[in-house]
Amino acid sequence: MDEHQRSSEQDPDHGSGILQVFGRQLKLSRKRAGLERTDLGSRTGYSPSTIAAFEQGRRIPSPSFIDQADEVLDAGGLLSAGKEEVARAQYPAFFRDAARLEREALELHVYATQAVPGLLQTEDYARAVFAMWRPLLDEDTIEQRVAARLARQEIFSRRPLPHLSFVMEEASLHRRLGGSTVWRGQLEELLAAGQRRNVEIQLMPLTREQHAGLAGPFTLIEDRNGRRIAYTEVQGDSRVHTGRCKVRELEAAYGILRAQALTPDASLVLIKKLLGER
Numbered sequence: 001m002d003e004h005q006r007s008s009e010q011d012p013d014h015g016s017g018i019l020q021v022f023g024r025q026l027k028l029s030r031k032r033a034g035l036e037r038t039d040l041g042s043r044t045g046y047s048p049s050t051i052a053a054f055e056q057g058r059r060i061p062s063p064s065f066i067d068q069a070d071e072v073l074d075a076g077g078l079l080s081a082g083k084e085e086v087a088r089a090q091y092p093a094f095f096r097d098a099a100r101l102e103r104e105a106l107e108l109h110v111y112a113t114q115a116v117p118g119l120l121q122t123e124d125y126a127r128a129v130f131a132m133w134r135p136l137l138d139e140d141t142i143e144q145r146v147a148a149r150l151a152r153q154e155i156f157s158r159r160p161l162p163h164l165s166f167v168m169e170e171a172s173l174h175r176r177l178g179g180s181t182v183w184r185g186q187l188e189e190l191l192a193a194g195q196r197r198n199v200e201i202q203l204m205p206l207t208r209e210q211h212a213g214l215a216g217p218f219t220l221i222e223d224r225n226g227r228r229i230a231y232t233e234v235q236g237d238s239r240v241h242t243g244r245c246k247v248r249e250l251e252a253a254y255g256i257l258r259a260q261a262l263t264p265d266a267s268l269v270l271i272k273k274l275l276g277e278r
């Protein structure tokens with residue numbers, strides 16, 4: 001197939017199923033090693049209640065914990081073997097394919113409309129965004145999603161450095177999601193991100209009379225093999241496009257968007273203006 005679709009309805013329990021399987025493996029390995037949750041927790045730096053949450057599939061363990069547990073419990077690689085699948089469970093079902101592609105990207109180009117793109121979000125801003133999702137997410141899920149979103153930001157310092165560009169609607173920066181303090185922190189983070197050598201941030205001004213992005217947000221990805229891919233998402237329904245015709249259409253639209261948006265330097269000036277700086 002040239003393209004395939006993933007939606008939150010197609011495989012809603014896949015992530016929780018992986019966590020439950022890992023949790024059972026962790027519990028069996030711990031018991032085989034003759035350790036209590038308190039013992040494993042003290043050796044890995046986690047509380048017994050957190051170990052219990054891992055074993056019950058209610059929390060997502062970090063890759064470092066999984067490696068630690070595998071070694072402490074002498075599991076012979078059994079736990080570490082599932083590390084990648086457990087990591088994928090951090091994301092909602094509709095985003096898992098995109099997260100994998102993002103990790104492998106040499107180039108990533110994002111057009112965002114409603115909010116600051118996830119890769120550029122501060123922890124407080126991300127938490128505010130997830131708290132506003134409907135239907136409402138429980139607190140554990142919000143914290144898992146925030147941690148996963150922040151982990152994605154390792155892409156900024158990955159070697160070799162990927163080329164990252166963002167075109168954002170100016171309107172999204174006027175939304176004070178999470179309150180004025182969170183909003184100001186987010187704008188300051190955008191200024192810092194815009195100073196990175198491998199990052200370009202452009203704003204589409206509210207006054208622009210021509211606009212090539214009215215069909216909605218999308219992401220363009222080029223992987224290590226030179227393959228070009230597009231990702232689109234709306235209302236939890238996502239699609240990864242690999243067909244050259246569709247990808248070319250979105251590449252053309254992105255080129256026009258960049259020409260219509262403010263330059264990176266002018267965009268940073270506008271962000272400073274919003275912050276009240278001169």
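Position 212 (the sequence shown) corresponds to 212 in the UniProt record's numbering; numbering is contiguous. Glycine included, each C-beta is placed from N, C-alpha and C at the ideal position.
DSSP places E188 within a helical segment (H, G or I) once states are collapsed to three. In this structure the region 192–203 does not touch the region 224–233; the number of beta carbon pairs closer than 8 Å is below three. The secondary-structure analysis by DSSP pairs R228 across a beta bridge with E222. Y111 has V167, F218 as its beta-bridge partners, per DSSP. Around the beta carbon of H211, a 10 Å sphere encloses fewer than 16 other beta carbons of the protein chains shown; the residue is thus reported as exposed.
Under the three-state reduction of DSSP, V116 is assigned to coil, being neither helix nor strand.
P63 and T207 have their C-alpha atoms some 46 Å from each other.
G236 has its alpha-carbon roughly 11 Å from the corresponding atom of W133. In the same chain as T141, and ignoring 5 residues on each side of it, no C-beta atom comes closer than 6 Å to its own. The beta carbon of V21 is closer than 7 Å to none in its chain, skipping five residues each way along the sequence. With a cut-off of 8 Å on Cβ pairs, the region 115–132 is in contact with the region 181–194, counting three or more such pairs.
Excluding residues up to 5 positions away in sequence, G15, I18, L19, I60 lie with their Cβ nearer than 7 Å to the Cβ of A89 in the same chain.
Between V182 and A128 a beta carbon distance of about 6 Å is seen, short of the 8 Å cut, so the two are scored as contacting. DSSP places I60 outside both helix and strand once states are collapsed to three, so it counts as coil. In the three-state DSSP reduction, R239 falls in the strand class (E or B).
Under the DSSP definition of a beta bridge, A212 lacks any partner.
Excluding sequence positions up to five before and after A75, its CB lies within less than 6 Å of the CB of S29, all in the same chain and listed in chain order. Between Y254 and H109, the gap from beta carbon to beta carbon is short of 8 Å. Leaving aside the five residues that flank Q260 on each side, the residues in its chain whose CB is nearer than 7 Å to its CB run, in chain order, M204, R208, Q210, H211, A212.
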